[in-house]
Each structure stands twice: as structure tokens, then as C-alpha cells.
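Peer 1:
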Amino acid sequence: MSLQEVTSHEPCRHCGKPDGCYRLDKLEACRRGASPAPGWKATSKKDADGNVFYAPIESRKTKDIRPKNRRIWEYPSRDGKTFVRVVRVDDGYGKKKIWQERFDGKVWVKNLKGIDRADIPVYRYHEVQQAINEGKTIFIVEGEGVADALWLLGLAATTNIGGAGKWRDSDSEDVYGATSHVLCPDRDKPGVEHMDSVYAKLKGTPTVKWLLAYPDSSLWQRLPESKGVDLADWISDFKLSADDLRAAIVDELPFKKLPLLTPQPHTPHTVTVPDNTLEQVKTLVDNNVSGALLTEGLNAAAFTMPVREVRTLYEEVLEEKEQLVAKSEQTQTLSELIATQSPLLDLTRFLPQTFATPLTLWSNWMGMQPAVALTALLSAVSSLHKAGTQLEICREQNFFVPPTLYTALVGESGQRKSPVIKTIITDPLEPLEQADEDRYQAECEEYEATRQQWEKNKQGKPPDEPKPPRLYYFTDATGEAIPIQAAKDRSKILYGVVDELAGLFGSQNAYRGGKGSDRQDLLSYFSGMGKKILRVTGLRSKLKKMYLSLFGTIQPEVLKRLMRDCNDHDGQWARFLFANMPPAIARISRGRKIAIVELLTALYRKIDRFPEMAYHFSFAAQQRYDLVFDELELLRIGCLSPGLRAVYSKAQGQIGRIAINLHCIWEAEKGKLCPDAEIPLEILELAIELMAFYIRQVKYFHASFDDSEQMARSLKLVELSKRFEEAGKHGGWVKASDFQQAFGGKKEKRPNANTARKIMQETVDLGQGSIKGTGCHMQFHWRRRFDDHPPTPPTPDTLGGTRQKLGETPTAQTQTPQAIDKKLGFLGEGVTSSSFLVEHSQGIPPLPNLENLCIPLSLSIAAIGSPPRKLENLGVTTVAPQEPKDTGVALMEKPQPKTPAVDVSVQNEETSPTPQKATNVEL
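Mapping of the sequence shown onto this note's numbering: position 19 corresponds to residue 141, and the numbering continues sequentially without gaps.
(1) Note down the Cα distance separating K323 from F698, rounded to an integer number of angstroms.
(2) Between Q819 and E884, is the Cβ-Cβ spacing less than 8 angstroms?
(3) Quick check: the Cα distance between D730 and T877, rounded to an integer number of angstroms?
(4) Quick check: the region 678-685 against the region 518-534, are there 3 or more CB pairs under 8 angstroms?
(5) Just the Cα atoms here: how many angstroms apart are K163 and Y176?
(6) A156 and D169 - do their beta-carbons sit closer together than 8 angstroms?
(7) How long is the line joining the alpha carbons of K610 and L496, rounded to whole angstroms?
(8) Run through DSSP, which three-state label would I729 get?
(9) Quick one: what's got a C-beta closer than 6 angstroms to Q776's C-beta in the same chain, skipping five residues either side?
(10) Kindly indicate the opening and closing residues of the beta strand (DSSP E) around S671.
(11) What residue ranges within the region 510-534 form continuous beta strand (DSSP E) runs of no fewer than 3 residues, ordered along the chain?
(12) Identify the residues that DSSP records as bridge partners of K235: which are they?
(13) Quick check: what's the CA-CA separation for N579 versus D549?
(14) Which first and last residues belong to the beta strand (DSSP E) in which W221 is found?
(15) Can you confirm whether the region 250-270 touches the region 294-304 when touching is taken to mean that 3 or more C-beta pairs between the two stretches lie within less than 8 angstroms?
(16) Could you tell me the boundaries of the beta strand (DSSP E) in which N191 lies?
(17) What are the boundary residues of the alpha helix (DSSP H) that includes G64?
(18) Using the beta-carbon count (16 or more within 10 Å), is T405 buried or exposed?
(19) Helix, strand or coil, according to DSSP, for Q901 in the structure here?
(20) With 16 other CB atoms within 10 Å as the buried threshold, where does A849 fall?
(21) Could you pull the start and end residues of the beta strand (DSSP E) that F846 belongs to?
(22) Mapping the DSSP letters down to three states, classify V432 as helix, strand or coil.
(23) Could you tell me whether the Cβ atoms of A1051 and G693 are closer together than 8 angstroms?
(24) Quick check: what's the CA-CA separation for I220 versus S199?
(25) Reducing DSSP to helix, strand and coil, say where D212 ends up.
(26) Please classify Y247: is it buried, with 16 or more other beta-carbons within 10 angstroms of its beta-carbon, or exposed?
(27) Count the other CB atoms within 10 Å of the CB of T545; is the residue buried (16 or more) or exposed (fewer)?
(28) Are there three or more Cβ pairs, one per stretch, closer than 8 angstroms when the region 360-374 is compared with the region 271-281?
(29) Since G267 and A369 are thought to touch, with beta carbons under 8 angstroms apart, how far apart are those beta carbons, to the nearest angstrom?
(30) Assuming contact is defined by CB atoms lying nearer than 8 angstroms, are A875 and Q862 in contact in what I supplied?
(31) Using DSSP with H/G/I as helix, E/B as strand and the rest coil, what is L125?
(32) By the 10 Å Cβ neighbour count, where 16 or more other Cβ atoms means buried, how is L762 classified, buried or exposed?
(33) With the cut-off set at 8 angstroms, would you say A701 and A493 are in Cβ contact?
(34) Got a sec, what are the start and stop residues for the alpha helix (DSSP H) A825 sits in?
(35) One question on the structure: do F739 and I801 come within less than 8 angstroms of each other, judged by their Cβ atoms?
(36) In whole angstroms, what separates the C-alpha of E196 from that of C143?
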């Protein structure tokens, strides 16, 4: 304890004099007997001269960080044998670990498996029984450390194992017989709830009284969510004695209404606080008064509450106001993030009907979004162009982009990522590779015969060796092998198809002792930059342009680990187009067949035969692109996340890359041997819409990768509820224990049950889902206003003014499948809420699908919202999705004029044109 005399620089705050008075730690003594200063009160303590010690009414709001320490509290059995114990470890930085152990007769085991909770007595059971026999009062506290602090003062105290919310009937039996019980809650919501349950179980005992730490604090009426102070803190702050604590015991609660507590059978006291205090404080907050002006305003106001208490109230009101503003922003952001995973891309907008219908049906069978198949298709097509093919975007700025793409599917293990590779990429490419291999073998035989003839007569030049077979894809390669292979076939774009992307990144520089530049090389290959490799032996490889496309799969947790903080400083992840594969139910096709492999092989063969091209936008498309470029620049500059800034920057070129590949698919479908060098506006519109989709995927991953943030936890909770509903588990209702298990990994990383229920409530407060039940019975469902039926969407008139500012109000949709869904305005036309090609034949129920959410955008891009022209000049008619006929072999389509026959195509029943609408896409 340190004694400090007052000085002229620091006079006594009570009498204002510079001498005579002194301070002792947190206590102060005024030798002139002045009244306590505002915010201070007289204690029951006096010094040797009879001067009363004054103490601050409110010394702290939350617990101090505990020093690094390891403590053990034992709970012997009721017959005195070594039984169980509690271990607590503090790291000295505010984090703690608490667990229970049982004694198996030899060693302590870290769990209570096999032990009946009723067999575990209250803490210090035998001492409590002796105190009861002696007629002493039993203090019931929360935590063994608090109980020990009371025993040091000579007061009999106990607690239950497990902490708040774990008081059992057996614990009540252990303390029966006492003349009175004093309940001592921690000053936070869990602490008060806990003592409320104890009070309910002790009804019928002779007397139940109360002892509140810092009883004069207004925080008892504004309880924090956690980390509230307790009796041990109060005792430590003011050096209280047993008599001080006994004097603070009350027969009834000292507040008009103690939050969360059940009504008491007596009439409580009231606090003498002016009715307008809170309003005055709110006025100060609204006027943004702070610093010296705030101090002046608080001192000048007619508050009967101590100024210190009013200042605390001011800080809390200010914090609540800031949280309210932040919650409004989070509500909109969460809605947008959830919407990125709910709708489906309509492939009939992006692909000719010949490919869109079978790919969509196949996607439904596989339990995946059509965007997955489209992403794989674009990736494969990007590798088939001749090296040197590029799109001119701005010649003056040397802005050219190649057709190559880096793409990745993100899904849990078992989500059928490998079948996507096999069906969409490798199997359709195998016939092309085999045909080139056959060509090579035939040319080798011819070469050998010609060479032998030349050897005989030595006339003319010797025959040229045949060109080696082309490599259409590879599944594994070292960093040094890639440029060497590119030099062998300079007209072929290299294509890496990696089933596990983590392996690709983990093996970088594997053969160079970890000191190579494999990662940096991948970054430069994306831009098509050349490479000159110089070694001791001389120039090993010289490439003016180096083209590489990548396709891979990865699990969400692995991607989260690789992305780390998502800042993406070198832009590696911004180069990838991601497609999420949330868990969904797959269906067996039950005899129905679609010749996807043969269909795609025919497409790939056509594009593979296209010559090296120099593409450019049409005049209208170039004007449109220029506007989008400007909007992306504004988004990039205004974005706070470094990772998203990189995404917006790369999106400017990605749009052109996607446009090249979409253009070639449509040109090949029309049977052209050489595609038109001019990319029309219609194709650019589709590329913009697709790029917006991929940007939303990245936003979703960034938001969901930080499990400590409310946004990420809400996303995980909503996703879990949707999975439960689709699987028919609990009707989609999620309990706290279900949510805890969804985190997997070590138990200490999972949220506890109370935290899980808090996340449920906060998610509902953010406008998502519904809850039922209270306390430990609380459950969450992802639907809003859940009533076991699809919720009725709000009418456009009730959606508020925000959406009117963004343009035309999108039509709200329900979960009911429709033949043609009206699209969400901000997501563009390619997004539907109902499953495409719903199967009704042979008694097969329709696939479950997710509900569309009609929500406004936080940022709308005007340049992307202008109406595109119809796809008339592409020779394609967009049709409403219909159920394909079952041929038993393949789905057939009526041949279109001027289109060469394909091995297998698709035929629909009656179709009707669907008019094109304006595309309004958020990037």
C-alpha cells in the first residue's frame, strides 16, 4: 500500500486544500472532514485519527486482465476422497483456459467422463457443512476464486462446478440447513441469470439475501454481456473487511428493476435518479459534445447522480449509438453476402441452348450450382486458343489481355469436385490429345520411311522430324518444366488441371530448396509475359509470350489458411475466378443419359482449330467497357480492403478474358471455322455479369474466413440452417450445440453455448432468420418470420426508400418453383431462385433449392445497369427452361440452320422466347 500526501499540484479533491490530506491506494482521507467530492462516497473505514476514508463510487466496469498463472481447485467427494478438480490457466494477456479433471486412482484425467454430475458436491463442501452446523450464513458466489476470497475474511462461501448456469438440485441439497443464504452475483448478465436460477431453487429456505459488488453502481441496471466484476474485485479495490460485506447485505434488491431477474416477493427500493438524466445525456451525445466542453456541460448540469456516473452513462450511450450505426451497415452487408450464395446462374443466358440445357441438368443431378460447370467450361476453352491470341482493349496504354484464366472450385471434401474435372475438362480433351498422338505416330512412320530412302540416295535435304504431340493439359509440373514445355510448342497454351490447388502452392520451389521464384512466375504467366532463362551453359529458353491457364479445386478451410488475412498483397488470389460449391444433395440420373463428354469434345475440337486471333470490341462494346472501367476504378480507390482492391483492379482485364471465351463458344456453335475478330456488345454484357458473380464470390469468402467476426459467424449459422432444412434435419432449426460442432477442430476454438445463442440473436437483429425458444432451448432458422411455410415476400411498396434510389424495384420471389423466375434486379437476369429443369417424370421429386432474398445494394454501378441489346445477331433465341424428353440415350435438339451436326445435342419440348431485360449488376 502506498501513501501519497496531497500537494499544490494535486490538492485534495474534497476540501481543495494542498496540505494535510492524503491518498492510500484507491482510498482518500480528508483531515478537514469535507464532504465527499462528486463520484466519491464515505466508507466504513477510518484511520488512526478518526478520519473517514473516501472511495470512488465506480472503480471499474470490467475485470482487470489477470496475470499469467495456473490455479487448481479441488472438489473432494462427499466422503472425503480425491474426486475431481478445476484447472484454470491465464496467459497474462486476457485469455484463459478452464477445464475439469477426474482422478482415476492413479493420475488426473482431463474430462469428467463417467461421473454423474449429482455426485459432485459444492466447492469446499466439508467446510460448508461445518459452517452450517455452527449456524453460519452461507455465501453463494460464482467462481472458486471468489469463494476463497470470502473464506480469507472468515465468511463461509461456496460455488458450483462449471460456473454460471450449472447449479443443480444436488447443489441446493448441499447447502440446505443454513440459517440464511446470501446470493452474490457477478455484475453481468450471465452472473445475474445464474443467481436467479439459484434463487428459484432455494425458495423455501429460511432466508435468502443479496450482496452486490459495488452496490451503488448504475451498471446494475445496465448489465454488460460478460466480464463483469465480482466480490473479489470489490474486496481488492477497497480493502473491505468481513464487517464491510455484512453491512452491505440487503434483504431485498436495491433497484427498482434488476435486469433478467425474476420478480421478488418484496417491494424494492428506488434509485434517486432524475427522470431526464438519460435524455440530457442523449442530447450531449447527439450534439457531439466531448473533451473540455463535455466536462463543463456535465459539471454545469443539475445531476443528482455523481458526475463520474453520468460520464459512464455518456460513454455507454455513445457506444450504443455507434453500434446502432454499425449494425445498420452490417445488416445490409450480411443480406448481400447471403444472397451471393442463394441464386443460381441461368446458363441459357451465357451459353447456346445446345450446351446450356444438358449442363444445367447435369449440375442438378450432381447437386451443384450451374456456375460450377460454367466455370470449368470457360477454363477448358481458355486453354484451346492459339498462343498469341489476345484482345485489344486500349492500344494507347498497351492494354491487351490473353484468353487464359485462373479458376478454382471451392468446396468441402466429398462435394464431387473431381467429377467436374473429369466430365467437363479431362475426358472431353482426351480425344483431342489421342488424335494428335495418332497423327504423330503416323507421321513418325512416314518420316522413318522417308529418312531411310534419303539415307540411300542422299539427294536433297533430309526430311524434317515430325512435330511432337501436343500437350492439352498437365496435372503436375515443376516451376522449371513449365517454360521448357512452352518452348517446345510455342503455339499451344499450357493448361494446368490440379485436383488439389493446395498441393500446387505447397510444392512451389520444391526442387530449389525453397529459394526459387515459382510463385512469382505464376503471377507473370497470368499476364502472358515472356520469359528468358539464362544459365551457366547459356540461354536455356527464350519466350516472347508465355501463356498458362489453371484450373483447380480446394477446400474452404485450406483456402482460408492460404489466404491468411485476405489482404493478398501480391495479387495472387485476385487472379483467380472462384466458384463456391456449398454442400447440396446429389441425385442419381436413374437411366437418363446426357452425352456431355461427346458434346464438349466437339466444341473443344472446333475452338482448337481456330487460328491465332487479334480480337477487339465493337464500337458500342468499347463505349460500354470504358464506362465499366471507370466504375471499377472508383470502386478500387474507395475500397478499404487491400484484397478487394486487387480484385477490382484485375476485374478490368478479367472481363475481357471472359468475353473472348464466351465469344468463341458462340462462334463455334454457329459453325464458323474462323471467329469474328469483333466482340459485340451482347457478349461483353454477359462477361460483365459473370465478373460481377465472381466478385461476389470473393466477397463472400473474405467475410466468412474470420470466425471471430459476427459477420462470418452469422454466415456459418445461416448456411448450417439451410443445410439442415435441405437434409430434412430438425426442419432446419439449429441448436446451440449444433452450431458449436459446425466449427470442428479443437473444442477451445468453438464458441460456448451462451456465445452461440448470442450469435443467433445478433443474426436475427441483423435481419436474417428467426429464433424460437429462450435460454438453453433457443433455436435458429434461416427463414425470416418462420411459420413452417415459405415466407411471404414484402411488397415493393414496403421495401423502403433505399431501393427506389437504386432504380426499379426488383420483384420479390418466394421459394415456389416457377417456369421462368423474374430475376433479382441487382444480381442481373442470370440469377434465378428455382431449380432449372425440375424433374417431375418417374416420380422424382424436384431438387430442393434456396430462397432468393430481395434486398437493396449498398453500391450500385450505373454503367453496368444499362440495357444490353438482344442476342439476335448471334443466331440464338433464349428460351424458357422446360423438361427435356428422355430418349434413353441422349437428349436431342432440333438442328439449327447453318450449324454442323454434333455428336450429341439437346432437344426441348415447346419453347417460347424470353425477352431480354436490363442487366443491373453489382461488382
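Glycine included, C-beta positions come from ideal geometry on N, C-alpha and C.
Peer 2: In short:
(1) As a first step, residue 323 must be located in the sequence shown, where it is residue number 201. As a first step, residue 698 must be located in the sequence shown, where it is residue number 576. Approximately 60 angstroms, taken between the alpha carbons.
(2) For the purposes of this step, residue 819 is identified with residue 697 of the sequence shown, where counting begins at 1. For the purposes of this step, residue 884 is identified with residue 762 of the sequence shown, where counting begins at 1. No; because the gap between Cβ atoms is not below 8 angstroms, this pair is not in contact.
(3) Within the sequence shown, residue 730 is the residue found at index 608, counting from 1. Within the sequence shown, residue 877 is the residue found at index 755, counting from 1. Between D730 and T877, the C-alpha separation is close to 56 angstroms.
(4) In short, these stretches touch, since the Cβ pair count reaches three.
(5) Position 41 of the sequence shown, counted from the start, is the residue given in the question as residue 163. Position 54 of the sequence shown, counted from the start, is the residue given in the question as residue 176. Whole-angstrom Cα-Cα distance: 5 angstroms.
(6) For the purposes of this step, residue 169 is identified with residue 47 of the sequence shown, where counting begins at 1. For the purposes of this step, residue 156 is identified with residue 34 of the sequence shown, where counting begins at 1. Taking 8 angstroms as the Cβ cut-off, D169 and A156 do not qualify as a contacting pair.
(7) In the sequence shown, the residue the question calls residue 610 occupies position 488. In the sequence shown, the residue the question calls residue 496 occupies position 374. If I take the Cα positions, the gap works out to 31 angstroms.
(8) The sequence position of residue 729 within the sequence shown is 607, counting from 1. Looking at I729 - three-state DSSP - the assignment turns out to be helix.
(9) For this step, residue 776 is matched to residue 654 along the sequence shown. Taken in chain order, the residues that qualify are M813.
(10) The count along the sequence shown starts at 1 and reaches residue 671 at position 549. Run containing S671: 670-676, per the beta strand (DSSP E) assignment.
(11) Correct list: 512-516, 521-523, 528-533.
(12) If you number the sequence shown from 1, residue 235 lands on position 113. As computed with DSSP, K235 is found in no beta bridge at all.
(13) Taking the first residue of the sequence shown as 1, we reach residue 579 at position 457. Taking the first residue of the sequence shown as 1, we reach residue 549 at position 427. Here the alpha carbon of N579 sits roughly 46 angstroms from the alpha carbon of D549.
(14) For this step, residue 221 is matched to residue 99 along the sequence shown. Segment 218-225, the beta strand (DSSP E) holding W221.
(15) Because the criterion of three Cβ pairs below 8 angstroms is met, the region 294-304 and the region 250-270 touch.
(16) On the sequence shown, residue 191 is found 69 positions in, with the first residue counted as 1. If you look at N191, you'll find it in the beta strand (DSSP E) that goes 191-197.
(17) Residue 64 falls outside the range modelled here, since the chain spans only 123 to 1045, and no answer is possible.
(18) Within the sequence shown, the letter at position 283 stands for residue 405. Looking at its Cβ environment, which holds fewer than 16 other Cβ atoms inside 10 Å, T405 is exposed.
(19) The count along the sequence shown starts at 1 and reaches residue 901 at position 779. For Q901, the three-state secondary structure derived from DSSP is strand.
(20) Residue 849 sits at position 727 when you count from the first residue of the sequence shown. The residue is exposed, with fewer than 16 neighbouring Cβ atoms inside 10 Å.
(21) Within the sequence shown, the letter at position 724 stands for residue 846. Note, F846: premise wrong, no beta strand (DSSP E); alpha helix (DSSP H) at 832-849.
(22) Translated into positions along the sequence shown, residue 432 becomes position 310. Residue state for V432 is assigned as helix, using DSSP reduced to three classes.
(23) Since the displayed the chain opens at 123 and closes at 1045, residue 1051 lies outside it and no answer follows.
(24) Numbered from 1 along the sequence shown, position 98 holds the residue referred to as residue 220. Numbered from 1 along the sequence shown, position 77 holds the residue referred to as residue 199. Whole-angstrom Cα-Cα distance: 20 angstroms.
(25) Along the sequence shown, one-based indexing puts residue 212 at 90. D212: strand per DSSP, three-state reduction.
(26) By one-based count along the sequence shown, residue 247 stands at place 125. For Y247, the number of other beta carbons within 10 angstroms of its own is at least 16, and it is reported as buried.
(27) Along the sequence shown, one-based indexing puts residue 545 at 423. Looking at its Cβ environment, which holds 16 or more other Cβ atoms inside 10 Å, T545 is buried.
(28) Verdict: yes, contact present.
(29) Position 145 of the sequence shown, counted from the start, is the residue given in the question as residue 267. Position 247 of the sequence shown, counted from the start, is the residue given in the question as residue 369. The C-beta separation of G267 from A369 comes to about 23 angstroms, leaving the pair out of contact by the 8 angstroms criterion.
(30) Within the sequence shown, the letter at position 753 stands for residue 875. Within the sequence shown, the letter at position 740 stands for residue 862. Their beta carbons are under 8 angstroms apart, which means A875 touches Q862 by this criterion.
(31) In the sequence shown, counting from the first residue as 1, residue 125 sits at position 3. In this structure, L125 counts as strand in the three-state DSSP scheme.
(32) Counted from its first residue, the sequence shown places residue 762 at position 640. Exposed.
(33) Counting from 1 along the sequence shown, the entry for residue 701 is found at position 579. Counting from 1 along the sequence shown, the entry for residue 493 is found at position 371. Closer than 8 angstroms, so yes.
(34) Residue numbering aside, residue 825 sits at position 703 when the sequence shown is read from its first letter. 803-826 is the span of the alpha helix (DSSP H), which, as asked, contains A825.
(35) Within the sequence shown, residue 739 is the residue found at index 617, counting from 1. Within the sequence shown, residue 801 is the residue found at index 679, counting from 1. I801 is positioned such that its CB atom lies closer than 8 angstroms to that of F739.
(36) Residue 196 sits at position 74 when you count from the first residue of the sequence shown. Residue 143 sits at position 21 when you count from the first residue of the sequence shown. If you take the alpha carbons of E196 and C143, they lie about 46 angstroms apart.
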